[in-house]
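Asker: Residue numbers (the numbering used here), protein chains in the order written: chain A, 181 to 446; chain B, 2 to 71.
After the structure tokens below, expect a handful of questions from me.
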């Protein structure tokens with residue numbers, strides 16, 4: 181009997197001109213230490229990690245978290261978190277490019293401080309500017325199929341609809357709208373934000389999402405490194421289920437034969 | 002001669018005159034230049050240019066670095 185390696189049967193994910201074996205992207209926020217973060221990244225099997233930009237604390241010593249990330253193994257995806265409008269997002273993107281040397285950006289514009297929901301019009305405006313400026317743009321959006329299409333049309337490399345608000349761990353509240361986005365998109369669909377359990381990630385992948393992005397659910401788990409592995413397995417399970425084709429739903433259909441019962445027919 | 006720069010939104014006064022370049026400023030502040038990106042008056046300064054970037058009184062300098070984020 182032949183034992184198939186998971187990576188052999190999962191199709192590769194292609195974003196812009198880059199291929200990824202892993203379909204789990206991992207955020208680097210909220211980890212208790214750089215050491216735990218590095219081990220969780222490793223356990224997740226990811227090949228893409230998000231990072232944020234903030235001011236250096238000029239009164240205290242600063243921790244260089246980037247030193248804990250092996251950039252030969254993990255592609256950096258700087259985000260524009262903190263941006264409240266298109267101008268701030270463009271500024272942060274350019275700073276991120278200068279800092280990292282790469283032009284990939286997770287574009288997020290979140291003026292609402294309570295639910296952290298993304299501003300679609302400002303995101304679209306920033307995306308147009310950044311694509312023209314040579315960026316590979318991965319926009320974080322509400323699960324809005326029309327906006328997703330517009331972002332795709334202006335040249336975004338993916339669309340990243342939210343499952344539920346950032347850090348809420350509430351799972352696929354937006355399932356119906358994400359199904360439409362997946363049905364219509366010609367760029368990869370990455371379900372981002374709100375995936376709180378491996379089952380949520382598996383569900384998104386079974387629906388046909390091309391990848392999932394998880395941060396809080398791993399970083400704030402009781403055992404983040406083990407949870408990263410659980411999300412790895414869930415993303416793979418969901419993807420393989422999608423690629424191999426789920427059995428259809430029916431009212432009822434016996435799994436065991438309906439003949440040869442141990443009784444006499446009357 | 003005391004001169005002032007604005008660094009990350011805070012005024013900073015230099016009693017002995019300004020550090021000559023951005024690289025010297027970072028060195029004096031014990032910040033590893035390899036880990037930061039800088040903006041002076043809204044213009045991004047490439048890391049390779051830190052040592053050639055002269056500072057002038059009253060400039061607003063932003064020093065930014067990567068942190069964990071989702």
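Where a beta carbon is used, it is the ideal one built from N, C-alpha and C, also for glycine.
Measure from the alpha carbon of residue 317(A) to the alpha carbon of each residue in 421(A), 289(A) and 213(A), then state which is nearest.
Answerer: 289(A)
Asker: Please specify which runs of the alpha helix (DSSP H), each continuous and at least 4 residues long, are wholly inside the segment 256-312 of chain A, giving them in chain order.
Answerer: 266-280 and 300-312
Asker: So, is the C-beta of residue 25(B) closer than 9 Å to a C-beta in chain A?
Answerer: No, because no Cβ of chain A sits closer than 9 Å to the Cβ of residue 25(B).
Asker: How far does the beta strand (DSSP E) with residue 419(A) in it extend, from its first residue to its last?
Answerer: Residue 419(A) -> not in any beta strand (DSSP E); alpha helix (DSSP H) instead, spanning 404-424.
Asker: Which of helix, strand or coil does DSSP assign to residue 181(A)?
Answerer: Unreliable positioning characterises residue 181(A) in this predicted model, as indicated by a pLDDT of 40, which lies under 50. The coordinate reading is nonetheless provided below. The answer is coil: DSSP assigns residue 181(A) none of H, G, I, E or B.
Asker: Which residues of the segment 230-241 of chain A have a Cβ closer than 7 Å to any Cβ of chain B? Give them in chain order.
Answerer: 230, 231, 232, 233, 234, 235, 236 and 238
Asker: For residue 441(A), count neighbouring C-beta atoms within 10 Å of its own C-beta (all shown protein chains included) and say buried if the count is 16 or more, exposed if not.
Answerer: exposed
Asker: Whose Cβ in chain A lies nearer than 7 Å to the Cβ of residue 33(B)?
Answerer: 244
Asker: Assign residue 213(A) to one of two classes, buried (16 or more other C-beta atoms within 10 Å of its C-beta) or exposed (fewer than that).
Answerer: exposed
Asker: So is residue 181(A) buried or exposed if we call it buried at 16+ other beta carbons inside 10 Å?
Answerer: Residue confidence is low: residue 181(A) scores 40 on pLDDT, short of 50, so the model does not pin down where it sits. No coordinate-derived value is stated.
Asker: Tell me which residues share the same chain as residue 20(B) and place their Cβ nearer than 7 Å to its Cβ, disregarding the 5 neighbours each side in the sequence.
Answerer: 26, 29 and 56
Asker: Flag this pair as yes or no: are the beta carbons of residue 69(B) and residue 208(A) separated by less than 9 Å?
Answerer: yes
Asker: Out of 357(A), 401(A) and 433(A), point me to the one whose CA is closest to residue 376(A)'s CA.
Answerer: 401(A)
Asker: What does DSSP give as the partner residues of residue 320(A) in its beta bridges?
Answerer: 340(A)
Asker: When DSSP labels each residue in this structure, what does residue 230(A) get in the three-state scheme?
Answerer: strand
Asker: Is there a Cβ from chain A that is less than 9 Å from the Cβ of residue 4(B)?
Answerer: no
Asker: Using the Cβ count rule (16 or more neighbours within 10 Å means buried), how would you classify residue 433(A)?
Answerer: Its Cβ having fewer than 16 others within 10 Å, residue 433(A) is exposed.
Asker: Counting pairs of beta carbons, one from the segment 369-386 of chain A and one from the segment 411-421 of chain A, are three or more of them closer than 8 Å?
Answerer: The segment 369-386 of chain A, when compared against the segment 411-421 of chain A, does touch it at the 8 Å Cβ threshold.
Asker: Should residue 298(A) and residue 320(A) be called a contact, given that it needs their Cβ atoms to be closer than 9 Å?
Answerer: A Cβ-Cβ contact shorter than 9 Å links residue 298(A) with residue 320(A).
Asker: Hey, residue 191(A) and residue 229(A): beta-carbon distance below 9 Å or not?
Answerer: no
Asker: Just verifying my parser: in three-state terms, what is the DSSP assignment at residue 8(B)?
Answerer: In the structure shown, residue 8(B) falls within a strand segment according to DSSP collapsed to helix, strand and coil.
Asker: Residue 408(A) to residue 398(A), Cα distance in whole Å?
Answerer: 6 Å
Asker: Tell me the DSSP secondary structure of residue 366(A) in three-state form.
Answerer: coil
Asker: In this structure, how does DSSP classify residue 435(A) when only helix, strand and coil are distinguished?
Answerer: In the structure shown, the three-state DSSP call for residue 435(A) is coil.
Asker: With 16 other CB atoms within 10 Å as the buried threshold, where does residue 280(A) fall?
Answerer: buried
Asker: Going by CA-CA distance only, name the one from 44(B), 41(B), 48(B) and 23(B) that's closest to residue 35(B).
Answerer: 48(B)
Asker: Just mark residue 65(B) as buried or exposed, buried being the case when its beta carbon has 16 or more other beta carbons within 10 Å.
Answerer: Only buried fits residue 65(B), as 16 or more other CB atoms lie within 10 angstroms of its CB.
Asker: In whole angstroms, what separates the C-alpha of residue 233(A) from that of residue 427(A)?
Answerer: 45 Å
Asker: The alpha helix (DSSP H) that contains residue 224(A), what's its start and end?
Answerer: 214-224
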